[in-house]
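Chemist: Below you'll find the structure I mean.
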Amino acid sequence: TLKAADVQYSSQLPTTKAWTYEGTVPGPTIVVRRGQKVHVHWSNQIDPSVPLPYQVFQADDPATADDPFPQNFPGTGGQSGDVALTASIVTHLHGGRTSPDSDGWTENVTPFGGAQHTYYENDQRPTLLWYHDHAMGITRLNVFAGLFGLWLIRGQPEQGLINKGILPHGKDEVCLVIQDRNLDLDKNDPTKFSGAILHKSEKSTAEMFGPYTMVNGVIWPCLEVGAGRVRLRLLNGSNARTYCLRLVEVTAINDKDGTVTYGQDYTDNPGVIWQVGSDGGLFGHPVPPTSNATTPDNQCSPAPPAKVNRGLILAPAERADLVIDFSQIKGKVAFVNTAFAPFHGSTVTFPFLFDPSGVLKQEMDRNNKPVCPQAPGSRIQEFRLTYAEVLLFNVQAPTDKLPGTTDPASILTQNTPLDETFTRYVLQAPTGNSPPFLVIPPDPDTHQVTQRWIVLTEEPPGHLYFRELEPVTPQSGVVSGIPLDLPIIAINDAGNNLTFYQTAAMGFHDRIRIMVPYQDYEVWNFINLTVDSHPVHVHLVQFQVLSRTSVDTSVYATERGYTAPNQPIDLTDPNQKTKPRDLDLNEQGFKDTVRINPGEVVSVAAQYEGFCGRFMYHCHILEHEDMDMMRPFIVFPRDALAAMQAGMNGMAGMSSMAGMGMGTMNGMTGMSSMLGRPRPKRRRRR
412 TLKAADVQYS SQLPTTKAWT YEGTVPGPTI VVRRGQKVHV HWSNQIDPSV PLPYQVFQAD
472 DPATADDPFP QNFPGTGGQS GDVALTASIV THLHGGRTSP DSDGWTENVT PFGGAQHTYY
532 ENDQRPTLLW YHDHAMGITR LNVFAGLFGL WLIRGQPEQG LINKGILPHG KDEVCLVIQD
592 RNLDLDKNDP TKFSGAILHK SEKSTAEMFG PYTMVNGVIW PCLEVGAGRV RLRLLNGSNA
652 RTYCLRLVEV TAINDKDGTV TYGQDYTDNP GVIWQVGSDG GLFGHPVPPT SNATTPDNQC
712 SPAPPAKVNR GLILAPAERA DLVIDFSQIK GKVAFVNTAF APFHGSTVTF PFLFDPSGVL
772 KQEMDRNNKP VCPQAPGSRI QEFRLTYAEV LLFNVQAPTD KLPGTTDPAS ILTQNTPLDE
832 TFTRYVLQAP TGNSPPFLVI PPDPDTHQVT QRWIVLTEEP PGHLYFRELE PVTPQSGVVS
892 GIPLDLPIIA INDAGNNLTF YQTAAMGFHD RIRIMVPYQD YEVWNFINLT VDSHPVHVHL
952 VQFQVLSRTS VDTSVYATER GYTAPNQPID LTDPNQKTKP RDLDLNEQGF KDTVRINPGE
1012 VVSVAAQYEG FCGRFMYHCH ILEHEDMDMM RPFIVFPRDA LAAMQAGMNG MAGMSSMAGM
1072 GMGTMNGMTG MSSMLGRPRP KRRRRR
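Here it is, written out as structure tokens:
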């Protein structure tokens, strides 16, 4: 049951209203066995008398580079929010292999008094999923209000590892939902918090970035753990914030001002912390959780080494399955966030952010004048990293009989088998010793692996799109009914094949262009031509990341939406501008959400099986998803697709009717920005 309830986000805050599943934030954790069929009736009992339980406020941008960024501070400055909303909901099981009628199609909302009837087969690898609202145009508001919860699928091989003592379980297993929030101030006394959260953005930054971190519905909690091994199941449930987490010793906390002093950094110590799985379940073997950056952006301090471990990066909706051995840690440690917001693939590199005593370094503003990190003009202000602390762990002695105390000191190594059935997808068979692999099978009709190209673009004055591309030739007048006077994007792929493409669709209500034969494997290539990273989520499937390649995107004319034919987006390393990047070890498992950084081509492979029907993919920055950065696709039996396309080709002469039937929405391509959702201008990097 979805209902309004009183919640308390901190013991130091008054209670406030929230929209909830079963009266709690997060909602109850649902635990099922692999293959267990479950019916869920999501009953909307959020009475219209309880409207959206927080303010939605858009602040003015800083007037100058040295003025404070409003998102780093609580409250609205005495102004009122501008959104009045009652609860219309539709629940999506994120990461689930789910039939289309139960997948939470974004427009199938349920008003007060109704119920969404869903059926989940849970026929997939054991893993941590999550359920959340997915309503068209208001997902960012409904999830922020409290409509989210966790869903655990149990089964083999996980259970065997638990039985052997390799994976901690029971009280030694903790699920953590990490989110950022802002807080509203008391209207009568602006020196006090009201207890309510606040969705606060800026006029040039549509995303919500809050200065406070909430874990499992509590701001800055402390987790008591025993001096042994603990399994942490992490989810980034934020609207827009990406985290780069480091596990750092806390040597002192100032009771007066809350200042934290840091000591030893345990993040890169494999004897302390291992990652055993990601979105889609267990890896073949444990891996370090850190991301290796070859060219990290470190604008806060002196340049770090050419290659540095940056920590565990989690974009919105990404999950990580960790095992931490707290027996090697004494006292207190904390997860510390070092990721920029908005995120564009870069972090403030720890420990350069801190001086040897662990206190935040003195910084310089753009005029080379010293400032404290929280002061106006500080780069930390621009990066929206006002407070780095995420979660405090208080490690207790073994005699306290707390979680983890009964585990052996260390079992996991990089050679410990986890999921021995895990198979790595590849385009070509590797040479020499390699883990088990599957060469992606070709399309039986074309005898080639199906490759699709999708370009992420930001069009003036800040519209974000997935441009789905279709190849064209100079001789053809139209392709699939699209005239050739549309802008062309040229791509020279890794096989040195130069192809000219047109944008076939970009708005959510444009005609469906991606039609996948049921049970086929496909490779989708995402090219990010925007200034920010985007976590892309594909419904129905768990995919694998094949490659990341940095490319020269300056050839793309944002104002015009095309490339010059003689200046393609080139993946063949011309003039050393293309740089293939080794995948991080922790992004080589099964995933349903992948980060696409600026200037990258990221290729993912999936088998589209389980169900036929209409699904979608979208950016999981919820403010982007709500502003049309989302596209549908269908999965259909191969013979039915062939018959459908033959029938459509037979109507090619009916040009006067080309805009009807399945093509009705094609005429709405230019109208996607007129569907009632305001599009604030997005901030450009200074």
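Residue numbers are given in my numbering: position 170 of the sequence shown equals residue 581, and the series is strictly consecutive.
Think of the CB as a built atom: it goes at the ideal place given N, C-alpha and C, for glycine as much as any other residue.
As the structure is a computational prediction, the values presented were derived from the model and not from experiment.
Using a Cβ distance threshold of 8 Å, determine whether the region 1004–1015 contacts the region 922–938, with at least three qualifying pairs required.
Modeler: A contact exists between the region 1004–1015 and the region 922–938.
Chemist: Report yes if the C-beta distance between Ile938 and Leu867 is below 8 Å; otherwise report no.
Modeler: As a first step, residue 938 is located in the sequence shown; it is residue number 527 there, counting from the start. As a first step, residue 867 is located in the sequence shown; it is residue number 456 there, counting from the start. Yes, they are a contact pair.
Chemist: Just mark Asp732 as buried or exposed, buried being the case when its beta carbon has 16 or more other beta carbons within 10 Å.
Modeler: For the purposes of this step, residue 732 is taken as the residue at position 321 of the sequence shown. That one is buried.
Chemist: Contact check, Leu540 vs Ile564 under 8 Å by CB: the rounded distance?
Modeler: As a working note, residue 540 is residue 129 in the sequence shown. As a working note, residue 564 is residue 153 in the sequence shown. About 7 Å separates the two Cβ atoms, so the contact holds.
Chemist: Are the CB atoms of Phe848 and Ala840 nearer to each other than 8 Å?
Modeler: For this step, residue 848 is matched to residue 437 along the sequence shown. For this step, residue 840 is matched to residue 429 along the sequence shown. Result yes, Cβ atoms of Phe848 and Ala840 sit closer than 8 Å.
Chemist: Going by the beta-carbon positions, is the gap between Thr427 and Pro464 smaller than 8 Å?
Modeler: Position 16 of the sequence shown holds residue 427. Position 53 of the sequence shown holds residue 464. Yes, they are a contact pair.
Chemist: Got a sec: is the Cβ-Cβ distance from Tyr912 to anything in chain B below 8 Å?
Modeler: Here chain B cannot be found, since the structure has a single protein chain.
Chemist: What are the boundary residues of the beta strand (DSSP E) that includes Ile900?
Modeler: Taking the sequence shown and counting its residues from 1, one reaches residue 900 at position 489. Run containing Ile900: 899–903, per the beta strand (DSSP E) assignment.
Chemist: Measure the alpha-carbon distance for Leu424 versus Thr624 and round it to whole angstroms.
Modeler: The count along the sequence shown starts at 1 and reaches residue 424 at position 13. The count along the sequence shown starts at 1 and reaches residue 624 at position 213. Going from the Cα of Leu424 to the Cα of Thr624 covers about 14 Å.
Chemist: In this structure, does DSSP put Gln1056 in helix, strand or coil?
Modeler: Counting from 1 along the sequence shown, the entry for residue 1056 is found at position 645. Three-state DSSP puts Gln1056 in a helix.
Chemist: Measure how close the beta-carbons of Val1046 and Val927 come, nearest whole angstrom, since I'm counting them as under 8 Å.
Modeler: One-based indexing of the sequence shown puts residue 1046 at position 635. One-based indexing of the sequence shown puts residue 927 at position 516. Contact flag correct, Cβ pair sits at about 5 Å.
Chemist: When DSSP labels each residue in this structure, what does Glu618 get in the three-state scheme?
Modeler: Numbered from its first residue, the sequence shown carries residue 618 at position 207. Glu618: coil per DSSP, three-state reduction.
Chemist: Nearest CA to the CA of Thr662: which residue from Gly674, Thr653, Asp668?
Modeler: Translated into the one-based positions of the sequence shown, residue 662 becomes position 251. Answer by Cα proximity: Gly674.
Chemist: Tell me whether Lys582 sits in a helix, a strand or coil according to DSSP, three-state version.
Modeler: Here residue 582 corresponds to residue number 171 of the sequence shown, with the count starting at 1. Helix, per DSSP.
Chemist: If I follow the unbroken alpha helix (DSSP H) through Leu558, where does it start and stop?
Modeler: For the purposes of this step, residue 558 is taken as residue 147 along the sequence shown, with counting starting at 1. Careful: Leu558 lies outside any alpha helix (DSSP H) and carries neither H nor E.
Chemist: Please report the residue range of the beta strand (DSSP E) in which Gln570 lies.
Modeler: Translated into positions along the sequence shown, residue 570 becomes position 159. Taken as a continuous stretch (DSSP letters only), Gln570 belongs to no beta strand (DSSP E), being part of the alpha helix (DSSP H) at 569–574.
Chemist: Reducing DSSP to helix, strand and coil, say where Asn997 ends up.
Modeler: Taking the first residue of the sequence shown as position 1, residue 997 is located at position 586. Helix, per DSSP.
Chemist: As a quick exercise: from Ser944, Gln570, Glu869, Asp1039, pick the residue whose alpha carbon is nearest that of Gly385.
Modeler: No information on residue 385 is available, as it lies outside the stretch 412 to 1097 that the chain covers here.
Chemist: Roughly how many whole angstroms lie between the Cα atoms of Phe911 and Ser965?
Modeler: Here residue 911 refers to the residue found at position 500 when the sequence shown is read from its first residue. Here residue 965 refers to the residue found at position 554 when the sequence shown is read from its first residue. Cα to Cα, Phe911 sits roughly 17 Å from Ser965.
Chemist: Assign Thr824 to one of three DSSP states: helix, strand, or coil.
Modeler: Against the sequence shown, residue 824 aligns to sequence position 413. Thr824 falls in the coil class under three-state DSSP.
Chemist: Indicate the three-state DSSP secondary structure (helix, strand or coil) for Ser738 in the structure shown.
Modeler: Mapped onto the sequence shown, residue 738 falls at position 327. If DSSP states are grouped into helix, strand and coil, Ser738 belongs with the helices.
Chemist: Does the beta-carbon of His1035 have 16 or more other beta-carbons within 10 angstroms, so that it is buried, or is it exposed?
Modeler: Counting from one through the sequence shown, the residue named residue 1035 turns up at place 624. Buried, since its Cβ has 16 or more Cβ neighbours within 10 Å.
Chemist: Let me confirm a value: Glu613 is counted as buried when at least 16 other C-beta atoms fall within 10 Å, else exposed. Which label applies?
Modeler: As a first step, residue 613 must be located in the sequence shown, where it is residue number 202. Looking at its Cβ environment, which holds 16 or more other Cβ atoms inside 10 Å, Glu613 is buried.
Chemist: In this structure, does DSSP put Asp776 in helix, strand or coil?
Modeler: The count along the sequence shown starts at 1 and reaches residue 776 at position 365. Bear in mind that the predicted position of Asp776 carries a pLDDT of just 38, short of 50, making it too unreliable to give a figure here.
Chemist: Check whether the region 466–475 and the region 595–613 touch, using three or more Cβ-Cβ pairs below 8 Å as the test.
Modeler: The region 466–475 vs the region 595–613: in contact.
Chemist: Distance, Cα to Cα, Pro439 vs Ala728?
Modeler: As a position in the sequence shown, residue 439 is number 28, starting the count at 1. As a position in the sequence shown, residue 728 is number 317, starting the count at 1. Cα to Cα, Pro439 sits roughly 18 Å from Ala728.
Chemist: Less than 8 Å between the beta carbons of Val734 and Arg642, yes or no?
Modeler: Reading the sequence shown from its first residue, position 323 is the one you call residue 734. Reading the sequence shown from its first residue, position 231 is the one you call residue 642. Cβ distance < 8 Å, so Val734 and Arg642 count as in contact.
Chemist: At what residues does the beta strand (DSSP E) containing Leu829 begin and finish?
Modeler: One-based indexing of the sequence shown puts residue 829 at position 418. Note, Leu829: premise wrong, no beta strand (DSSP E); not H, not E.
Chemist: Express the C-alpha separation of Asp995 and Ile684 in angstroms, rounding to a whole number.
Modeler: The count along the sequence shown starts at 1 and reaches residue 684 at position 273. The count along the sequence shown starts at 1 and reaches residue 995 at position 584. For Ile684 and Asp995, the distance between alpha carbons rounds to 16 Å.
Chemist: Quick test of your reading: Gly682 and Thr701, contact by CB under 8 Å. State the CB separation rounded to the nearest angstrom.
Modeler: On the sequence shown, residue 682 is found 271 positions in, with the first residue counted as 1. On the sequence shown, residue 701 is found 290 positions in, with the first residue counted as 1. That belief does not hold up - the Cβ atoms of Gly682 and Thr701 are roughly 14 Å apart, past 8 Å.
Chemist: Would a C-beta distance cut-off of 8 Å place Leu496 and Gln456 closer than the cut-off?
Modeler: Translated into positions along the sequence shown, residue 496 becomes position 85. Translated into positions along the sequence shown, residue 456 becomes position 45. Not closer than 8 Å, so no.
Chemist: Note the first and the last residue of the continuous alpha helix (DSSP H) segment covering Ala880.
Modeler: Position 469 of the sequence shown, counted from the start, is the residue given in the question as residue 880. Just to set this straight, residue 880 is Leu in the shown sequence, not Ala. Where Leu880 is concerned, there is no enclosing alpha helix (DSSP H), although the beta strand (DSSP E) it sits in stretches over 874–883.
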